[in-house]
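S.K.: So that we are looking at the same thing, I have put the structure below in structure tokens.
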Amino acid sequence: MQQFYMGLLKRPIFVKCVGDGDGVLNQGNSLFSSFSETNHSRGRFMFTLQTDGNLLLYTLNSPREDPVNAYWSTQTSIGAGYRLIFYQSGFIYLVARNGTILNDIFSNELSTNQFHQRLTLDYDGVLRHYLYPKSANSTNGRQMSWYVSAFEPSNICTRTGGDLSAGACGFNSLCSLGTDQRPICSCPDGYSIMDPTDRMSGCKPDFVQQSCDRDSLEVDNFEFVDMASTDWLNLEYDYFESVSEEWCRQACLVDCFCHAVVIRDRECWKKGFPLRNGRIDTSGNVNSFIKIRVRNGSGLTNPFGGDSDKSAKRALIITGSALLSTSVFFNLLLLTFVVLIVFRLKRKNSEMMNVHACTLLPGMNIRSFGFKELEEATNGFSEELGSGACSRVYKGALRDENGKIVAVKKLDKIENDTDLEFKAEVSSISRTNHKNLVQLLGYCDEGQNKLLVYEYMQNGSLASFLFGTSPRPNWYRRVQIAFDVARGLCYLHEESTRQIIHCDIKPHNVLLDVSYVAKISDFGLAKLLKPDQTRTNTGIR
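The sequence shown begins at 5 in our numbering and counts up one residue at a time.
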């Protein structure tokens with residue numbers, strides 16, 4: 005008796021064995037691959053005989069999504085295909101309603117007395133016909149084990165390159181062909197596998213991606229990795245002809261939406277995130293360059309001062325030179341003058357660093373943290389969650405609250421505008437209390453060290469959820485997120501004791517908690533309105 009080994013089926017019975025023992029797949033029925041070699045729940049590939057009579061293999065970007073790309077088909081005339089039959093003799097045919105053979109899928113004529121057989125849509129998306137010798141006499145020198153007799157498609161890496169497909173190996177990954185047409189999946193430099201137990205789960209960046217809110221210095225923080233003979237098929241969002249390799253890379257470097265470029269014969273394709281349909285391609289003159297964050301240093305200046313000290317040192321050097329070239333009297337006067345300047349600068353810095361945190365704003369009922377306390381909580385600000393125009397967010401754990409996980413927002417550069425944003429954010433959000441607003445737990449205001457402590461949002465930003473590597477949310481989830489954001493805005497505008505205009509609503513500033521409840525964050529540009537005020541003026545950042 006023939007066996008069909010497949011993943012979890014969509015309905016209880018899809019494959020029937022008719023009276024003579026042949027296996028049958030009828031119109032409108034489907035078979036799914038398993039999720040992985042060891043996880044036999046529904047996977048990312050589907051084998052289906054559609055109601056129009058066409059037999060196809062489909063990819064699904066996630067097990068719960070609808071098919072997105074057909075990577076193999078019989079291209080049967082509409083209405084012709086009626087039934088797929090797996091004969092005991094080893095032939096696998098697509099037949100019409102009158103029994104006429106339309107397509108010969110696999111034709112391995114075998115003796116039923118010599119071999120067991122099975123047809124499997126494997127977890128890697130390849131449809132394989134397996135044989136198992138019933139005795140040592142029928143092995144033809146092979147071991148007593150299952151081996152592949154036939155398969156479709158011939159190259160899974162090149163056939164799954166549809167516009168909406170993640171590719172055979174998932175998003176941001178590279179595919180090359182191994183033995184038995186099995187895909188070998190790998191991650192590009194700067195990326196790591198999403199799920200170590202599933203080599204086809206795709207890859208995720210190991211660095212904070214380029215933010216469109218960053219200033220021009222952000223360009224200095226990124227570099228390109230040369231990936232010879234690699235390609236990312238389809239879904240380029242920009243294309244240029246007759247350009248040099250250097251021009252193409254520079255165009256990507258200054259474009260925050262560009263994550264890689266593909267270059268072939270002086271043609272340049274920009275690729276967005278996530279990267280799709282990556283493959284090793286040695287057949288043509290094609291190279292890819294993937295953009296990653298510079299490993300050694302951020303390329304930014306130290307935000308925690310030292311400028312006055314450097315100025316003082318320069319002044320001392322100038323003074324030393326003057327002592328060698330002018331009279332003793334004027335040298336002494338100059339030295340005294342420089343010492344007084346250095347003393348005043350040191351005293352001013354000391355006074356700034358000793359400003360007590362509680363003097364920030366009156367009437368706040370949130371906790372005040374010390375800088376050292378938050379530095380320890382974040383393990384020296386080691387795990388970065390994201391970055392903005394003038395701040396970075398780190399993951400931390402509060403030791404005095406049983407290791408409670410928090411997000412610590414640290415301002416990079418303390419300037420007049422930055423200080424105003426800090427005070428605006430603390431002032432506005434400390435007066436709010438709503439389930440669709442990120443909760444501010446505390447702050448630190450020690451001179452140049454200005455930090456905010458928020459509740460930790462496990463599922464990151466809405467931007468990452470919509471455009472990242474995780475499975476795309478269904479429409480029900482999208483509608484719920486839209487309602488959550490609307491409720492938060494309604495509270496700010498109508499229900500809060502002080503009306504608040506956020507002024508910076510965008511997907512990056514909407515965060516998702518463990519249950520995917522959306523919460524509005526980043527109140528740096530928020531405006532507080534008076535009871536009789538209906539409008540306000542805002543500046544352009």
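Even for Gly, the Cβ is constructed at its ideal location relative to N, Cα and C.
Among the residues of its own chain, which have a CB less than 7 Å from the CB of residue 297, if the five just before and after it don't count?
M.R.: Around residue 297: 211, 212, 225, 226.
S.K.: From the DSSP secondary-structure annotation, give me the bridge partner or partners of residue 293.
M.R.: Paired residue(s): 230, 265.
S.K.: Between 390, 394, 373, which has its C-alpha nearest residue 404's C-alpha?
M.R.: It is 373 whose Cα lies nearest to the Cα of residue 404.
S.K.: What does DSSP give as the partner residue(s) for residue 120 in the beta ladder?
M.R.: DSSP lists 136 as partners of residue 120.
S.K.: Quick check on residue 189: does DSSP put it in helix, strand or coil?
M.R.: Reduced to three states, the DSSP call for residue 189 is strand.
S.K.: For residue 55, does the count of other Cβ atoms within 10 angstroms reach 16, so buried, or fall short, so exposed?
M.R.: Counting Cβ neighbours within 10 Å, residue 55 comes out exposed, since fewer than 16 surround it.
S.K.: Can you tell me whether residue 261 sits near the ligand PLP, meaning its C-beta is under 8 Å from at least one heavy atom of the ligand?
M.R.: The ligand PLP is not part of the structure shown, which contains no ligands of any sort.
S.K.: To the nearest angstrom, how far is it from the Cα of residue 416 to the Cα of residue 394?
M.R.: Rounded to the nearest angstrom, the two C-alpha atoms are 5 Å apart.
S.K.: What's the gap between the Cα of residue 136 and the Cα of residue 38?
M.R.: C-alpha separation (whole angstroms): 21 Å.
S.K.: Tell me whether residue 100 sits in a helix, a strand or coil according to DSSP, three-state version.
M.R.: Three-state result, residue 100: coil.
S.K.: Rounded to whole angstroms, what is the Cα-Cα separation between residue 371 and residue 47?
M.R.: Straight-line Cα distance between these residues: approximately 47 Å.
S.K.: Just to check my reading of the structure: residue 397 and residue 457 have Cβ atoms closer than 8 Å, yes? What is that Cβ distance to the nearest angstrom?
M.R.: Incorrect: roughly 11 Å between the Cβ atoms, too far for contact.
S.K.: With DSSP as the reference, please indicate the residues paired to residue 154 in a beta bridge.
M.R.: Per DSSP, 133.
S.K.: Does residue 480 come out as helix, strand or coil in the three-state DSSP assignment?
M.R.: Residue state, collapsed to three classes: helix.
S.K.: Please list the terminal residues of the continuous beta strand (DSSP E) segment that includes residue 74.
M.R.: Element bounds for residue 74: 73-77.
S.K.: Tell me whether the beta-carbon of residue 385 lies closer than 9 Å to the beta-carbon of residue 414.
M.R.: Yes. Within cutoff.
S.K.: Near residue 270, what residues of its chain come up, given a Cβ to Cβ distance below 8 Å and the 5 sequence neighbours on each side ignored?
M.R.: Hits under 8 Å: 245, 246, 247, 248.
S.K.: If you reduce the DSSP assignment to three classes, tell me which class residue 235 lands in.
M.R.: Residue 235: strand per DSSP, three-state reduction.
S.K.: Ends of the beta strand (DSSP E) at residue 2?
M.R.: Since the first and last residues shown for the chain are 5 and 545, residue 2 lies out of range.
S.K.: Within the continuous beta strand (DSSP E) that includes residue 450, where are the two ends?
M.R.: Counting along the chain, the beta strand (DSSP E) containing residue 450 begins and ends at 444-450.
S.K.: Quick check: what's the CA-CA separation for residue 125 versus residue 258?
M.R.: When rounded, the distance between both Cα atoms is 44 Å.
S.K.: Report the option in 173, 489, 199, 139 whose CA atom is closest to the CA atom of residue 64.
M.R.: That would be 173, whose Cα lies nearest to the Cα of residue 64.
S.K.: Who pairs with residue 209 in a beta bridge, going by DSSP?
M.R.: Its beta-bridge partners are 195.
S.K.: Mind checking whether residue 207 and residue 283 have CB atoms under 9 Å apart?
M.R.: Against a cut-off of 9 Å, the Cβ pair of residue 283 and residue 207 comes out as no contact.
S.K.: Pick from 45, 479, 278, 158: whose alpha carbon is nearest that of residue 237?
M.R.: Residue 278 is the option with its Cα nearest to residue 237.
S.K.: List the residues that DSSP assigns as beta-bridge partners of residue 4.
M.R.: What the structure shows of the chain is the stretch from 5 to 545, and residue 4 is not part of that stretch, so it cannot be assessed.
S.K.: Just the C-alpha distance for residue 290 and residue 273, rounded to the nearest angstrom, thanks.
M.R.: C-alpha separation (whole angstroms): 11 Å.
S.K.: Specify the secondary structure class of residue 510 as computed by DSSP and reduced to three states.
M.R.: Here residue 510 sits in coil by DSSP.
S.K.: Quick one, are the C-beta atoms of residue 399 and residue 460 less than 9 Å apart?
M.R.: Yes, the Cβ-Cβ distance between residue 399 and residue 460 is below 9 Å.
S.K.: Grab me the residues of residue 442's own chain with a C-beta within less than 8 Å of its C-beta, minus the 5 sequence neighbours each way, in chain order.
M.R.: Counting only Cβ-Cβ distances below 8 Å, and skipping sequence neighbours, we find 433, 458, 459, 461, 515, 523, 524, 525.
S.K.: Could you have a look at residue 279 and say whether DSSP puts it in helix, strand or coil?
M.R.: DSSP places residue 279 in coil when its eight states are reduced to three.
S.K.: With DSSP as the reference, label residue 324 as helix, strand or coil.
M.R.: A caution first: residue 324 carries a pLDDT of 44, below 50, which makes its placement in the model too unreliable to give a value.
S.K.: Return the chain-ordered list of same chain residues with a C-beta closer than 7 Å to the C-beta of residue 402, the five sequence neighbours on each side being excluded.
M.R.: Counting only Cβ-Cβ distances below 7 Å, and skipping sequence neighbours, we find 381, 408, 410.
S.K.: Once the 5 residues before and after residue 356 are set aside, which same chain residues still bring their CB inside 8 Å of it?
M.R.: In this predicted model, residue 356 has a pLDDT of only 41, less than 50, meaning its place in the structure is not dependable enough to derive any value.
S.K.: Whole angstroms are fine: how far does the CA of residue 29 sit from the CA of residue 84?
M.R.: Residue 84 and residue 29: Cα-Cα distance of roughly 15 Å.
S.K.: Assign residue 204 to one of two classes, buried (16 or more other C-beta atoms within 10 Å of its C-beta) or exposed (fewer than that).
M.R.: Per the 10 Å Cβ criterion, buried.
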